[in-house]
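One structure is given here, and the rest of the page talks about it.
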């Protein structure tokens, strides 16, 4: 099969994947820095390249509500947003997940106000982490493209909605080499649209969104929780099939030089790419360092992560979001919590970095690895929770 | 026995039309209306005003209250022109 090599930004890559998926409905309210996704997709609609009904709503709340309606009616549905947009969708996120609707959001990770900012951090998707949506983080444009295609298939197999995200500007607006699959291969891969039920099936009428009080709400939520667990093997299966067909296999996480590593950094998104450069340079100097990149944060693959990290001596979790007085930030406390179950209990520290799009440099990451080495030598952690790259 | 989570259809669907009839909202009531049929003139004002369609009527005559769905709002007692409906505390068991 011939892949087409293109130069595309993260936003363009996700829009391209959306074109190839050719959803029945896209309802959106474009927002910086994800504006281009909808803008480019709307040109596909105008040019007749897709069969999509494009609904330009008056807000993100309405956009996702329209998506819920369209998906409940049996359509294949996608949208795109970022930051405040995802925040405005917040209550509808829970509804989409509760109704088990396989909607896919192409999301660009941007800081939540205030103060107002348009650049990258993970406060938006992390604020939605317990909404019942599958969350897939992408390191670069290629992953954004691959993840979008896989997310559609995963969502329709698990009957759960999914968010695919990329880092604002760093990826969303940076042009990179992109391998694009032929249109028909994408269609073949995602297959015929599957729906959990059909609101328009008049012979079998159903009611959705009924008042669900003390006597049934808990049972419905319990079923939704189980669906998240059941999504795990689906994600692995889809990632494997993607690899068999197109060359790159995807899992819950990527392990870079982790096999014999003593010191590991855990990161999500574009920082994983920067960290790989640092790992390469420190390895040349003989330091046993590795990178553990989390791709799937929801459902959280705790057993797999525990197993993968048990042999590491000291770990640093880089969080591009702060937990605002929680004990460390979201990725840190989930990793730490699952390692509590391990026999070896590696030492684990937290570095909060890059809020509001503050750049992170290889030198800073190198400094983190050095600190991990120091912790191993002294057998003592100076600060469990650290702030990287902020002026004192 | 109500269904457990493993038995429920996906996505909170309600697959049976009119199933709200099975949801007895009468247990929300703290006071219940009682009709004094000696004074009732079957004007049906209570039937008109009842927001829950919980006044039972047969052949144009009031026959009683549907306690499965009456929430005890007391509108019937308030509107009754003959004061033939009185509200009684559920706590008193009457």
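Residue numbers (this note's numbering), protein chains in the order written: chain A, 1 to 392; chain B, 1001 to 1094. All residues carry an ideal CB built from backbone N, CA and C; glycine is no exception. Predicted model, so just to flag it, every value in this text is computed and none were measured.
Between residue i and residue j, which are expected to be in contact by the criterion C-beta below 8 Å, what is the C-beta distance as a whole number of angstroms?
| i | j | result |
| --- | --- | --- |
| residue 165 of chain A | residue 137 of chain A | 6 Å |
| residue 8 of chain A | residue 176 of chain A | 7 Å |
| residue 76 of chain A | residue 41 of chain A | Contact doesn't hold; Cβ gap of about 14 Å is too wide. |
| residue 231 of chain A | residue 158 of chain A | 4 Å |
| residue 1010 of chain B | residue 100 of chain A | 5 Å |
| residue 182 of chain A | residue 324 of chain A | Contact flag wrong, Cβ pair sits at about 46 Å. |
| residue 96 of chain A | residue 56 of chain A | Rounded, the Cβ-Cβ distance is 19 Å, inconsistent with contact. |
| residue 1086 of chain B | residue 1036 of chain B | 7 Å |
| residue 51 of chain A | residue 120 of chain A | In fact, because the Cβ distance is near 33 Å, the residues do not count as touching under 8 Å. |
Nearest to residue i by alpha carbon, out of the options?
| i | options | result |
| --- | --- | --- |
| residue 102 of chain A | A/353, A/232, A/197 | A/197 |
| residue 48 of chain A | A/268, A/22, A/255, A/8 | A/22 |
| residue 204 of chain A | B/1007, B/1004, B/1016, B/1055 | B/1016 |
| residue 39 of chain A | A/154, A/372, A/15, A/350 | A/15 |
| residue 252 of chain A | A/261, A/244, A/239, A/45 | A/239 |
| residue 209 of chain A | B/1001, B/1002, B/1006, B/1014 | B/1014 |
| residue 1025 of chain B | A/338, A/212, A/241 | A/212 |
| residue 1069 of chain B | B/1059, B/1037, B/1022, B/1086 | B/1022 |
| residue 169 of chain A | A/346, A/368, A/26, A/10 | A/10 |
| residue 308 of chain A | A/258, A/333, A/287, A/55 | A/258 |
| residue 62 of chain A | A/44, A/26, A/74, A/255 | A/26 |
| residue 150 of chain A | A/97, A/243, A/96, A/100 | A/243 |
| residue 348 of chain A | A/359, A/56, A/313 | A/313 |
| residue 383 of chain A | A/241, A/119, A/350 | A/350 |
| residue 355 of chain A | A/90, A/228, A/30, A/123 | A/123 |
| residue 1081 of chain B | B/1042, B/1073, B/1088 | B/1042 |
| residue 1091 of chain B | B/1027, B/1001, B/1055, B/1085 | B/1027 |
| residue 228 of chain A | A/278, A/274, A/161 | A/161 |
| residue 58 of chain A | A/50, A/30, A/35, A/37 | A/30 |
If I follow the unbroken beta strand (DSSP E) through residue i, where does it start and stop?
| i | result |
| --- | --- |
| residue 362 of chain A | Segment 362 to 378 is the alpha helix (DSSP H) holding residue 362 of chain A; no beta strand (DSSP E) there. |
| residue 290 of chain A | 289 to 294 |
| residue 263 of chain A | 263 to 267 |
| residue 177 of chain A | 176 to 180 |
| residue 126 of chain A | Counting along the chain, residue 126 of chain A falls outside any beta strand (DSSP E), though it belongs to the alpha helix (DSSP H) covering 123 to 127. |
| residue 1006 of chain B | Per DSSP, residue 1006 of chain B belongs to no beta strand (DSSP E) and is neither H nor E. |
| residue 53 of chain A | 53 to 56 |
| residue 388 of chain A | 385 to 388 |
| residue 253 of chain A | 253 to 256 |
Between which two residues does the alpha helix (DSSP H) holding residue i run?
| i | result |
| --- | --- |
| residue 96 of chain A | 90 to 98 |
| residue 167 of chain A | First-last for residue 167 of chain A: 162 to 167, but that is the beta strand (DSSP E), not the alpha helix (DSSP H). |
| residue 1019 of chain B | Here residue 1019 of chain B belongs to no alpha helix (DSSP H), and DSSP marks it neither H nor E. |
| residue 240 of chain A | 217 to 246 |
| residue 330 of chain A | 330 to 339 |
| residue 147 of chain A | 141 to 158 |
| residue 305 of chain A | 302 to 309 |
| residue 1087 of chain B | Unbroken run through residue 1087 of chain B is the beta strand (DSSP E), 1085 to 1089; no alpha helix (DSSP H). |
| residue 1064 of chain B | Run containing residue 1064 of chain B: none in the alpha helix (DSSP H); it sits in the beta strand (DSSP E), 1061 to 1065. |
| residue 20 of chain A | 10 to 21 |
| residue 111 of chain A | It is not in any alpha helix (DSSP H) - residue 111 of chain A carries neither H nor E in the DSSP assignment. |
| residue 1049 of chain B | 1045 to 1049 |
| residue 79 of chain A | Looking at the DSSP string, residue 79 of chain A is not in any alpha helix (DSSP H); the run it does join, the beta strand (DSSP E), is 77 to 82. |
| residue 1075 of chain B | 1075 to 1079 |
| residue 201 of chain A | Where residue 201 of chain A is concerned, there is no enclosing alpha helix (DSSP H), given that its DSSP letter is neither H nor E. |
| residue 184 of chain A | 183 to 190 |
| residue 46 of chain A | 35 to 46 |
| residue 280 of chain A | 270 to 284 |
| residue 68 of chain A | 60 to 72 |
Go ahead and label residue i buried or exposed: buried means 16 or more other beta carbons lie within 10 angstroms of its beta carbon, across all protein chains shown.
| i | result |
| --- | --- |
| residue 80 of chain A | buried |
| residue 1083 of chain B | exposed |
| residue 93 of chain A | buried |
| residue 343 of chain A | exposed |
| residue 125 of chain A | buried |
| residue 353 of chain A | buried |
| residue 60 of chain A | buried |
| residue 1004 of chain B | exposed |
| residue 202 of chain A | exposed |
| residue 1053 of chain B | exposed |
| residue 345 of chain A | exposed |
| residue 44 of chain A | buried |
| residue 147 of chain A | buried |
| residue 1001 of chain B | exposed |
| residue 135 of chain A | buried |
Quick one: does residue i have its CB under 8 Å from some CB of chain E?
| i | result |
| --- | --- |
| residue 76 of chain A | Looking for chain E here will not work: the only protein chains present are A and B. |
Taking only heavy atoms of the ligand ZN into account, decide whether any of them is closer than 7 Å to the Cβ of residue i.
| i | result |
| --- | --- |
| residue 293 of chain A | The ligand ZN is not among the ligands present in this structure, which contains no ligands whatsoever. |
Next on the checklist: Taking 8 Å as the cut-off, does the region 284 to 300 of chain A touch the region 186 to 197 of chain A (at least 3 CB pairs, one atom from each stretch)?
Outcome noted: In short, these stretches do not touch, since the Cβ pair count stays below three.
Checklist entry - Would you call the region 102 to 111 of chain A and the region 82 to 93 of chain A in contact, with 3 or more CB pairs under 8 Å? => result Output reads yes: the region 82 to 93 of chain A touches the region 102 to 111 of chain A.
Next on the checklist: Is it the case that the region 1077 to 1092 of chain B contacts the region 1045 to 1055 of chain B, given that we only count it when at least three CB pairs across the two stretches are under 8 Å?
Outcome noted: Yes: at least three Cβ pairs fall under 8 Å.
Next on the checklist: Does the structure place the region 375 to 391 of chain A close enough to the region 313 to 328 of chain A that three or more beta carbon pairs sit under 8 Å?
Outcome noted: Yes, the region 313 to 328 of chain A is in contact with the region 375 to 391 of chain A.
Item to check | Inter-stretch contact at 8 Å, needing at least 3 Cβ pairs: the region 294 to 311 of chain A / the region 229 to 236 of chain A | outcome: Yes, the region 294 to 311 of chain A touches the region 229 to 236 of chain A.
Checklist entry - Do three or more CB pairs link the region 263 to 280 of chain A to the region 363 to 375 of chain A at distances below 8 Å? => result By the criterion of at least three beta-carbon pairs nearer than 8 Å, the region 263 to 280 of chain A is in contact with the region 363 to 375 of chain A.
Next on the checklist: When you compare the region 214 to 225 of chain A with the region 1031 to 1043 of chain B, are there three or more beta-carbon pairs, one atom per stretch, that lie closer than 8 Å?
Outcome noted: At 8 Å Cβ cutoff, the stretches do not touch.
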